[in-house]
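Residue numbers (the working numbering), protein chains in the order written: chain A, 118 to 342; chain B, 49 to 318. The next block holds one structure in the form of structure tokens; read it before the comments.
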């Protein structure tokens, strides 16, 4: 125990630095994933075949292949085509694009779960197609998509660990470095494991729960009732 | 009785509020409207009755432009609704044309379809603000007047989930009226309600009929209500009007065999 405390005193600051980078990667990737999911989810519901096809292709590629390979493509292969991204940028873009593909299906599913009558009454009240979607359908779909998004955000947080492999100095990167110099594998990876868990448990889950409560109140329901 | 005679005569200069001209609608092999001709005069109250699958709800749905028609033309105050004139011929109407035409029509649905994420007053204000461009204050004033009229002003700040079915349906009526339509469509508005609250909704419609200049088309299973409120009752069978006439005649003394069978079945059930 004392040995572990010494370990923490020695390497704690590096875990903190790594955690900060992991949180940054997670937040930026999550924002990108939500934006992509919304656009692709809506495109998948388009009447136009071409628009639908673009979304389907995107989802199939990013959901059907490994996140690690996508990350390597974005960081190592894109420069061959003249697009060079900084490693930090490449990291959250890869994670965000990957989770965005899963999110697109969540968005699509939530939108089609809104009862048909809501579309019809929005037409009958002569709202424009844009307002039908943004004011009537999406707010109701949002409630249906919050719980699955909670899962996706936790997946996304854990997915960011892969960015260590392109040398982004995140939590996983620091843990590997510490392990490499000290050979204290249990302490190094054990600490990282606990921090990942706490981030999911104390940051993501409560935030999602709070959001669900806010939405439930907007619907005039008491939480849990 | 001849399908083409209309009990209410129209002056030639006055186009009917609503005219179905040879309108057909199919779902695959199923014909729900079969070359339907129907004129409804301004301020006329017409009830549509008939067995399920007879096309009565479809009449309202195609008029509200919720579904396209396959053949024929629907006119609203003499103007084609589902079509528009371009270079002297009628072509399928654009979205912009549909939105312009739709503004004269309001519809109340069987399942109310209130917006669950908005309060009662927000439900009523939404379309006047977002579609008509009214200021929030104007929309709120207009909505409160209507909520008072339907007797539910005290629930203005509540969410629909806190209201009974009858209260929700009265809000839905106020919400449709807030758009100031000239033609109101009521699609089996009491069918989803508990028996004890049907009366409160029917009373609101009675009041509308008495106090406002509205053309109303009412699809209903409430024969007593249809008889009392309507200028004319149409009996639908297999996508056509099998018989129509003043309520006392059609419900009291039907001529068509189908009408008699239908009425005796429904009235027995009551």
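All C-beta atoms, glycine included, are put in the ideal place defined by N, C-alpha and C. Given the structure is predicted, the values throughout are model-derived calculations rather than measurements.
Inset, instruction - Note down, in chain order, all residues in the region 254 to 280 of chain A with a beta-carbon under 7 Å from any beta-carbon belonging to chain B. - result: 256, 257
Legend entry - Continuous alpha helix (DSSP H) stretch holding residue 262 (chain B): start and end: On the second chain, position 214 is the one that residue 262 (chain B) refers to. No alpha helix (DSSP H) holds residue 262 (chain B); DSSP gives it neither H nor E.
Legend entry - Short CB-CB distance (under 8 Å) between residue 296 (chain A) and chain B: What you label residue 296 (chain A) is simply residue 179 of the first chain in a count that begins at 1. False, the Cβ-Cβ gap to chain B never drops below 8 Å.
Legend entry - the region 244 to 258 of chain B contacting the region 74 to 83 of chain B, beta-carbon criterion three pairs below 8 Å: no
Inset, instruction - Can you tell me which of the three DSSP states residue 164 (chain B) falls into? - result: To locate residue 164 (chain B), count along the second chain from 1; it is residue 116. Correct three-state label for residue 164 (chain B): coil.
Legend entry - Neighbour flag for residue 250 (chain A) against chain B, beta carbons, 8 Å: What you label residue 250 (chain A) is simply residue 133 of the first chain in a count that begins at 1. Answer no: the Cβ-Cβ gap between residue 250 (chain A) and chain B never drops below 8 Å.
Inset, instruction - Helix, strand or coil for residue 104 (chain B), going by three-state DSSP, please let me know. - result: For the purposes of this step, residue 104 (chain B) is taken as residue 56 along the second chain, with counting starting at 1. It is helical.
Inset, instruction - Report yes or no: is there a C-beta of chain A within less than 8 Å of the C-beta of residue 67 (chain B)? - result: For this step, residue 67 (chain B) is matched to residue 19 along the second chain. It does not; no Cβ of chain A falls within 8 Å.
Legend entry - Own chain partners of residue 201 (chain B) with C-beta closer than 8 Å, once the 5 adjacent residues on each side are dropped: Taking the first residue of the second chain as position 1, residue 201 (chain B) is located at position 153. Answer for residue 201 (chain B): 192, 195, listed in chain order.
Legend entry - Exposure label - residue 303 (chain A); buried when at least 16 CB within 10 Å: Residue numbering aside, residue 303 (chain A) sits at position 186 when the first chain is read from its first letter. Classification of residue 303 (chain A): exposed, given that the 10 Å Cβ count is below 16.
Legend entry - CA nearest to the CA of residue 134 (chain A), picked from A:285, A:274, A:174: Here the question's residue 134 (chain A) lines up with position 17 in the first chain. Checked all of A:285, A:274, A:174; the closest Cα to residue 134 (chain A) is A:285.
Inset, instruction - Flag residue 335 (chain A) as yes if its beta-carbon sits less than 8 Å from any beta-carbon of chain B, otherwise no. - result: Translated into positions along the first chain, residue 335 (chain A) becomes position 218. Yes, residue 335 (chain A) counts as interfacial toward chain B.
Legend entry - Beta-bridge partners of residue 283 (chain B), as assigned by DSSP: Residue mapping note: residue 283 (chain B) aligns to position 235 of the second chain, counting from 1. BP columns for residue 283 (chain B) point to B:97, B:291.
Inset, instruction - Look at the Cβ atom of residue 263 (chain A), then the Cβ atom of residue 329 (chain A), and state whether they are nearer than 8 Å. - result: Within the first chain, residue 263 (chain A) is the residue found at index 146, counting from 1. Within the first chain, residue 329 (chain A) is the residue found at index 212, counting from 1. Yes, the Cβ-Cβ distance between residue 263 (chain A) and residue 329 (chain A) is below 8 Å.
Legend entry - Contacts that residue 114 (chain B) makes with chain A (C-beta to C-beta distance below 8 Å): For this step, residue 114 (chain B) is matched to residue 66 along the second chain. Residues of chain A passing the Cβ test: 237, 240, 241.
Inset, instruction - Indicate whether at least one CB of chain B lies closer than 8 Å to the CB of residue 162 (chain A). - result: Within the first chain, numbered from 1, the residue matching residue 162 (chain A) stands at position 45. Closer than 8 Å: no.
Inset, instruction - Using a Cβ-Cβ cut-off of 8 Å, state whether residue 341 (chain A) counts as contacting chain B. - result: If you number the first chain from 1, residue 341 (chain A) lands on position 224. Any answer about residue 341 (chain A) is weak, because its pLDDT of 42 lies below 50 and its placement is not dependable; what the coordinates show is given next. It does not; no Cβ of chain B falls within 8 Å.
Inset, instruction - Classify residue 170 (chain A) as buried or exposed, calling it buried when 16 or more other Cβ atoms lie within 10 Å of its own Cβ. - result: For this step, residue 170 (chain A) is matched to residue 53 along the first chain. Looking at its Cβ environment, which holds fewer than 16 other Cβ atoms inside 10 Å, residue 170 (chain A) is exposed.
Inset, instruction - For residue 155 (chain A), go through chain B and note every residue whose CB falls closer than 8 Å to its CB, in chain order. - result: Taking the first chain and counting its residues from 1, the one referred to as residue 155 (chain A) is at position 38. Result: empty, since nearest Cβ-Cβ is about 18 Å, beyond 8 Å.
Legend entry - Which listed residue (B:205, B:141, B:142, B:198) has its alpha carbon closest to that of residue 24 (chain B): The shown model of chain B, from 49 to 318, leaves out residue 24 (chain B), and the question about it has no answer.
Inset, instruction - Give a yes or no on whether the minimum CB-CB distance between residue 145 (chain B) and chain A is below 8 Å. - result: In the second chain, residue 145 (chain B) corresponds to position 97, counting from 1. Output row for residue 145 (chain B): interface = no.
Inset, instruction - May I ask which residues mark the beginning and end of the alpha helix (DSSP H) holding residue 206 (chain B)? - result: Sequence index remark: in the second chain, residue 206 (chain B) carries index 158 (1-based). Run containing residue 206 (chain B): none; DSSP gives neither H nor E here.
Legend entry - Sequence-distant residues of the same chain with beta carbon closer than 6 Å to residue 216 (chain A), five excluded per side: Locating residue 216 (chain A) in the first chain gives position 99, counting from the first residue. Same-chain partners within the cutoff: 150, 269, 273.
Legend entry - 4-residue-minimum alpha helix (DSSP H) runs that sit fully inside the region 155 to 224 of chain A, ordered along the chain: 166 to 181, 184 to 189
Legend entry - Where residue 310 (chain A) meets chain B, residues with beta-carbon distance less than 7 Å: For this step, residue 310 (chain A) is matched to residue 193 along the first chain. In chain order: nothing, as chain B lies at least about 40 Å away.
Inset, instruction - Would you list the one or two residues that DSSP bridges to residue 78 (chain B)? - result: Taking the first residue of the second chain as 1, we reach residue 78 (chain B) at position 30. Residue 78 (chain B) is bridged to B:75.
Inset, instruction - Would you please state the rounded distance, in angstroms, between the beta carbons of residue 21 (chain B) and residue 265 (chain B)? I believe it to be under 8 Å. - result: One cannot answer for residue 21 (chain B) here, as it falls past the ends of chain B, which runs 49 to 318.
Inset, instruction - Can you pull the chain A residues whose beta carbon is under 9 Å from the beta carbon of residue 301 (chain B), in chain order? - result: Position 253 of the second chain holds residue 301 (chain B). The premise fails here: residue 301 (chain B) is roughly 36 Å from chain A at the closest Cβ pair, so nothing lies under 9 Å.
Inset, instruction - Look up residue 154 (chain B) in the DSSP assignment and give the residues it is bridged to. - result: To locate residue 154 (chain B), count along the second chain from 1; it is residue 106. The partner list for residue 154 (chain B) (beta bridge, DSSP) reads B:232.
Legend entry - Simplified DSSP state of residue 341 (chain A), which is helix, strand or coil: Translated into positions along the first chain, residue 341 (chain A) becomes position 224. Unreliable placement is indicated for residue 341 (chain A), whose pLDDT of 42 sits below 50; no coordinate value is reported for it.
Legend entry - Residues that residue 244 (chain A) contacts on chain B, provided the C-beta gap is smaller than 7 Å: Counted from its first residue, the first chain places residue 244 (chain A) at position 127. Under the 7 Å cutoff, chain B gives 175, 178, 179.
Inset, instruction - For the alpha helix (DSSP H) holding residue 114 (chain B), just list the boundary residues, first then last. - result: Here residue 114 (chain B) is taken as the residue at index 66 of the second chain, counted from 1. Careful: residue 114 (chain B) lies outside any alpha helix (DSSP H) and carries neither H nor E.
Inset, instruction - Show which residues of chain A have a CB atom less than 8 Å away from the CB atom of residue 228 (chain B). - result: On the second chain, position 180 is the one that residue 228 (chain B) refers to. Simply none; closest approach about 11 Å.
Legend entry - Residue span of the alpha helix (DSSP H) that contains residue 233 (chain A), given as start and end: In the first chain, the residue the question calls residue 233 (chain A) occupies position 116. Where residue 233 (chain A) is concerned, the enclosing alpha helix (DSSP H) stretches over 233 to 241.
Inset, instruction - Take the Cβ of residue 303 (chain B) as the centre, count every other Cβ of all protein chains shown within 10 Å, and call the residue buried at 16 or more, exposed below. - result: To locate residue 303 (chain B), count along the second chain from 1; it is residue 255. So residue 303 (chain B) counts as exposed.
Inset, instruction - Using beta-carbon positions only, say whether residue 178 (chain B) and residue 244 (chain A) come within less than 8 Å of one another. - result: Along the second chain, read from residue 1 onward, the residue named residue 178 (chain B) stands at position 130. Along the first chain, read from residue 1 onward, the residue named residue 244 (chain A) stands at position 127. Cβ distance < 8 Å, so residue 178 (chain B) and residue 244 (chain A) count as in contact.
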